[in-house]
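Chemist:
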Ligand code: VG1
Ligand code: CO
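Residue numbers (my numbering): 67 to 609.
Right under this line is the structure:
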């Protein structure tokens, strides 16, 4: 075993409160950088000795080298075994499943999710704990503390191991099991959904397009959609995971999945379209001529989940992240089940899922999932939609208009201002924060503020409190704006502004989101003094 000493000062590591580390790939490739993060993680969890881990990534540039380094370090730190995906590939939800199915101590996901890949793009690593979910805050805090004092890491001086062949190998005293990353996940899905019914839907001529965005869900979607469910060959496009995701952003939203969107809005559109992100935990749902916002998707899934065998007994409750629209709350209210509002980030759903308080969870950022794993799950959401479509025998557009006629519609849009100088972004957020308490009752851009606050979350299971989770401004007549800074960006600050306007079941549901949200948008521009502070009012990306 070799112990490497680190000469640099405090390692600039993971921000406290974030469950993984995301940086430019070149930063991860600096001598000792990846190693420091991995060693800090092992130290933070009380060492790796005799432990079993899962490892897998989304196949982006540096995945192959990083996983070899991490295997050597796990062996040098005394780990008993690592279960690793063939060629180093495993989707995030499948890592979560393997951690749970194989009863391991935890796992590492190598991904920067929806961020682009390549030597000049992004890389990331996330540590998940034994329930299969992202490390909770007390562990990420301890990881952060470790990064501040780390001065050595442990590794072996051994050649790379063969990850191309399914086999059980040894590295030092550690066992490495190279597994098919798809199989266990595929079995899990077959147990939750009525595959026969979905197969019959495809046999009846139902057509679908799934855009894997050159990322990790390609092999999963091919095996399940085209293999098990009999969707036509070619249903899954961009199915081969590539190191730079075909030069695009593997971010499933109308902006980055434009090719799919264009097809779905055309005369030749198939019945159903979907996409997933780099590591397979996000999803986009679109019907023929009908884009479904992630917030609406969560609400529709909550209202119809009982149609799938895995959820036939109904739901314990539904949780959504704070910026996610209130559409799912309306469903929970009618079903008479609990609804929870958590901070952004999947780790906050973990306790609620473990305690059996909720069955479904979702985020406005294209994340939906359930208690089957402890991560959001892109393909799972697509399969649940397919199961619902197979049962209801209606189009996506019909399901949406039915839904809005029953529960009302939450018009919704997120505006991202990217690469804002950090100081300017902080000045904007601080400026709003100090004024928050004076907002109630004020008229801005022709609309009245009812209440405004900074969101703090009190975890109902372990009693922990998370402060500073974004600013909420609620307007008269069902409008809401949320402001927060991204925790996953790798360049300057990303300011996210979330706009929402509720229209009750009897109000019109056919406005464009732009029109329905215009007042709230103008109010936010005025409240934040955006033009002065960041020099613009137009976002880079609207989803
Ligand atoms: C973003 C999303 C958030 C999501 C997170 C990780 O965070 O807004 O909802 O949980 O990405 O998603 P932020 O802090 O940049 O807004 V991904 O697919 O890593 O796994
Ligand atoms: Co992701």
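A virtual CB, placed ideally from N, CA and C, is assigned to each residue, including glycine.
1) Whole angstroms are fine: how far does the CA of residue 472 sit from the CA of residue 75?
2) I'd like the span of the alpha helix (DSSP H) that includes residue 478, first residue to last.
3) Over the uninterrupted beta strand (DSSP E) stretch that includes residue 154, give me the two end residues.
4) Within the chosen definition, does the region 483–502 reach the region 558–570 through at least 3 CB pairs nearer than 8 Å?
5) Going by DSSP, what residue range makes up the alpha helix (DSSP H) through residue 193?
6) CB-CB under 6 Å to residue 198, same chain, minus the five flanking residues each way: which ones, in chain order?
7) If residue 510 and residue 581 are in contact, beta carbons under 8 Å, what's the gap, nearest whole angstrom?
8) Using the Cα positions of residue 552 and residue 131, report the straight-line distance between them to the nearest angstrom.
9) If I'm right that residue 260 touches residue 374 with Cβ under 8 Å, what's the distance once you round it to whole angstroms?
10) Near residue 404, what residues of its chain come up, given a Cβ to Cβ distance below 6 Å and the 5 sequence neighbours on each side ignored?
11) Between the beta-carbon of residue 434 and the beta-carbon of residue 421, is there less than 8 Å?
12) Quick check on DSSP: helix, strand or coil for residue 89?
13) Comparing the CB of residue 347 with every heavy atom of ligand 2, is any distance shorter than 7 Å?
14) At what residues does the alpha helix (DSSP H) containing residue 178 begin and finish?
15) Based on the DSSP output, what are the partners of residue 524 in its beta bridges?
16) Quick check on residue 220: does DSSP put it in helix, strand or coil?
17) Compute every distance between the C-beta of residue 337 and the non-hydrogen atoms of ligand 2, then say whether any falls below 7 Å.
18) Since residue 318 and residue 432 are thought to touch, with beta carbons under 8 Å apart, how far apart are those beta carbons, to the nearest angstrom?
19) Would you be able to state if there are at least three C-beta pairs under 8 Å between the region 217–226 and the region 92–108?
20) Buried or exposed: where does residue 96 fall if 16 or more other Cβ atoms within 10 Å of its Cβ makes it buried?
21) Quick one: give me the first and last residue of the alpha helix (DSSP H) that residue 584 is part of.
22) Counting pairs of Cβ atoms below 8 Å between the region 221–234 and the region 186–204, do you hit three or more?
23) Three or more C-beta pairs under 8 Å: does that hold for the region 302–311 against the region 119–128?
24) Can you give the Cα-Cα distance for residue 129 and residue 257, rounded to whole angstroms?
25) With a threshold of 16 other CB atoms inside 10 Å of the CB of residue 160, please say whether the residue is buried or exposed.
26) Ends of the beta strand (DSSP E) at residue 567?
27) Excluding the 5 residues preceding and the 5 following residue 424 in the sequence, name in chain order all residues of the same chain whose CB lies nearer than 8 Å to its CB.
28) According to DSSP, what are the bridge partners of residue 406?
29) To the nearest angstrom, how far is the alpha carbon of residue 298 from that of residue 356?
30) What are the complete beta strand (DSSP E) segments, minimum 3 residues, inside the region 313–352?
31) Less than 8 Å separating the beta-carbons of residue 290 and residue 252?
32) Straight-line CA distance for residue 146 to residue 169?
33) For the beta strand (DSSP E) that residue 277 lies in, which residues bound it at each end?
34) Give the secondary structure of residue 609 by DSSP, where H, G and I count as helix, E and B as strand, and everything else as coil.
35) Can you tell me which of the three DSSP states residue 497 falls into?
36) So, are the CB atoms of residue 194 and residue 172 less than 8 Å apart?
Modeler: Inspection of the coordinates gives the following:
1) Legend: pLDDT at residue 75 = 49, less than 50; position of this residue unreliable, value from coordinates given subsequently. Just so you know, the alpha carbons of residue 75 and residue 472 end up roughly 59 Å apart.
2) From DSSP, residue 478 is part of no alpha helix (DSSP H) but of the beta strand (DSSP E) over 475–486.
3) Residues 147–155.
4) Because the criterion of three Cβ pairs below 8 Å is met, the region 483–502 and the region 558–570 touch.
5) Taken as a continuous stretch (DSSP letters only), residue 193 belongs to no alpha helix (DSSP H), being part of the beta strand (DSSP E) at 188–194.
6) Excluding sequence neighbours, residue 198 sits near 162, 165, 166, 439, 440.
7) Actually they do not touch by this definition, with Cβ atoms about 19 Å apart.
8) Using only the alpha carbons, I get a separation of about 28 Å.
9) Residue 260 to residue 374, Cβ: 7 Å. Contact.
10) Cβ within range, chain order: 383.
11) No. Outside cutoff.
12) Strand.
13) With a cutoff of 7 Å, residue 347 counts as near ligand 2, since its C-beta is closer than that to a heavy atom of the ligand.
14) Taken as a continuous stretch (DSSP letters only), residue 178 belongs to no alpha helix (DSSP H), as it is neither H nor E.
15) In DSSP, residue 524 forms a bridge with 531.
16) Residue 220: strand per DSSP, three-state reduction.
17) No; taking the cut-off as 7 Å, the Cβ of residue 337 has no heavy atom of ligand 2 nearer than that.
18) About 5 Å; that satisfies the 8 Å criterion.
19) Flag = yes, the region 92–108 and the region 217–226 touch.
20) Per the 10 Å Cβ criterion, exposed.
21) Run containing residue 584: 579–594, per the alpha helix (DSSP H) assignment.
22) Touching, no, given that fewer than three Cβ pairs across the two stretches are closer than 8 Å.
23) A contact is defined here as three or more CB-CB pairs under 8 Å, and the region 302–311 meets this definition with respect to the region 119–128.
24) Roughly 31 Å between the two C-alpha positions.
25) Buried, since its Cβ has 16 or more Cβ neighbours within 10 Å.
26) Unbroken beta strand (DSSP E) run through residue 567: 559–569.
27) Hits under 8 Å: 381, 382, 383, 384, 385, 404, 406, 415, 418, 437.
28) By DSSP's assignment, residue 406 forms a beta bridge with 385.
29) Within the model, the alpha-carbon separation for residue 298 versus residue 356 is close to 22 Å.
30) You should have 338–342.
31) Between residue 290 and residue 252, the C-beta gap is smaller than 8 Å, which places the two residues in contact.
32) Approximately 13 Å, taken between the alpha carbons.
33) Segment 274–277, the beta strand (DSSP E) holding residue 277.
34) Looking at residue 609 - three-state DSSP - the assignment turns out to be coil, as it is neither helix nor strand.
35) The answer is helix: DSSP assigns residue 497 an H, G or I state.
36) Taking a C-beta distance under 8 Å as the contact criterion, residue 194 and residue 172 qualify as a contact pair.
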